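Residue numbers (the numbering used here): 357 to 578.
So, in structure tokens, the structure goes:
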């Protein structure tokens, strides 16, 4: 499928799929969206020295890179697993402007390392950030009681509805530890109902710029 680099409203880049009319990030601002949905409403909710994170849709690596920066700032040890069925190509990565927009020039080599490191192998990115990239379809995930936090960043339900079903959210529920949470930019009623059906407690939260709401789901066992 054809992919193009586009600049979003906050100045940060994303990858656009013209055949779908869909982008990897919000056109209102890629960095703004990632910081609000995954950092503010996900990572920052925890007050722990160690976190295990699963990202559904590794994509451009923006969420991973932002998490690295935040973990370094807060001195949190992170084990990060990114799942992606269709990895972004090197030439596309080179066109992304996250280093410049975040003024994270000292971490440029870290961002490059995140993309250059091999798939299916645990990589020590820094003394407190361990990354494992897995090239697999979401339906193939079989982790149980493993993660504190899930970044659910799949393409929208209108484009890939099979990724937003009870079958997939059951896998997410099982992958989380008790009291673990899942955050996503989506606020669709069908998504919320699918989460509730598999056992999640779900809350609607204020969305990122350009979006009224988002969802956060918690695994609580009675």
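Every residue, glycine too, gets a C-beta built ideally from N, C-alpha and C.
Keep in mind it's a predicted model, so treat the numbers as computed, not measured.
Quick check: the Cα distance between residue i and residue j, rounded to an integer number of angstroms?
| i | j | result |
| --- | --- | --- |
| residue 480 | residue 428 | 14 Å |
| residue 435 | residue 478 | 9 Å |
| residue 468 | residue 363 | 20 Å |
| residue 456 | residue 367 | 10 Å |
| residue 464 | residue 559 | 36 Å |
| residue 557 | residue 398 | 15 Å |
| residue 430 | residue 575 | 25 Å |
| residue 392 | residue 547 | 19 Å |
| residue 561 | residue 462 | 33 Å |
| residue 404 | residue 512 | 31 Å |
| residue 569 | residue 536 | 21 Å |
| residue 426 | residue 523 | 32 Å |
| residue 567 | residue 495 | 28 Å |
| residue 474 | residue 408 | 20 Å |
| residue 459 | residue 466 | 14 Å |
My assumption, with CB atoms under 8 Å, is that residue i sits in contact with residue j. Please give the rounded CB distance.
| i | j | result |
| --- | --- | --- |
| residue 503 | residue 410 | 4 Å |
| residue 527 | residue 497 | 5 Å |
| residue 470 | residue 421 | 6 Å |
| residue 521 | residue 571 | With 8 Å as the limit, residue 521 and residue 571 do not qualify as a contact, their Cβ atoms being about 15 Å apart. |
| residue 440 | residue 491 | 6 Å |
| residue 418 | residue 454 | 6 Å |
| residue 415 | residue 489 | 11 Å between Cβ atoms; not a contact. |
Tell me where the beta strand (DSSP E) around residue i begins and ends.
| i | result |
| --- | --- |
| residue 500 | Looking at the DSSP string, residue 500 is not in any beta strand (DSSP E), and its letter there is neither H nor E. |
| residue 573 | 569–574 |
| residue 479 | 478–482 |
| residue 533 | 532–540 |
| residue 389 | It is not in any beta strand (DSSP E) - residue 389 instead sits in the alpha helix (DSSP H) that spans 386–390. |
| residue 369 | 369–373 |
Less than 7 Å between C-beta atoms, sequence neighbours within five positions excluded: which residues of the same chain meet that for residue i?
| i | result |
| --- | --- |
| residue 515 | 376 and 378 |
| residue 545 | none |
| residue 565 | 384, 385 and 388 |
| residue 554 | 522, 525, 526 and 529 |
Which first and last residues belong to the alpha helix (DSSP H) in which residue i is found?
| i | result |
| --- | --- |
| residue 545 | 545–553 |
| residue 419 | 418–430 |
| residue 436 | Residue 436 -> not in any alpha helix (DSSP H); beta strand (DSSP E) instead, spanning 433–439. |
| residue 467 | 464–472 |
| residue 448 | 446–449 |
| residue 458 | 454–458 |
| residue 562 | Not the alpha helix (DSSP H): residue 562 falls in the beta strand (DSSP E), residues 557–562. |
What do you get for residue i, buried or exposed, if any count of 16 or more other CB atoms within 10 angstroms of its CB means buried?
| i | result |
| --- | --- |
| residue 406 | exposed |
| residue 493 | exposed |
| residue 389 | buried |
| residue 424 | buried |
| residue 380 | buried |
Excluding sequence positions up to five away, which residues of its chain have a Cβ less than 8 Å from the Cβ of residue i?
| i | result |
| --- | --- |
| residue 500 | 530 and 531 |
| residue 361 | 369, 370, 371, 372, 448, 451 and 452 |
| residue 358 | 373, 374 and 375 |
| residue 484 | 427, 428, 431, 432, 433 and 434 |
At a cut-off of 7 Å, is residue i close to the ligand NAP when judged by its beta-carbon and the heavy atoms of the ligand?
| i | result |
| --- | --- |
| residue 393 | As for the ligand NAP, it is missing from this structure, which has no ligand bound. |
Going by beta carbon distance, what residues of the same chain come within less than 6 Å of residue i, once the five residues before and after it are set aside?
| i | result |
| --- | --- |
| residue 573 | 538, 551, 556 and 558 |
| residue 413 | 509 and 510 |
| residue 563 | 569 and 570 |
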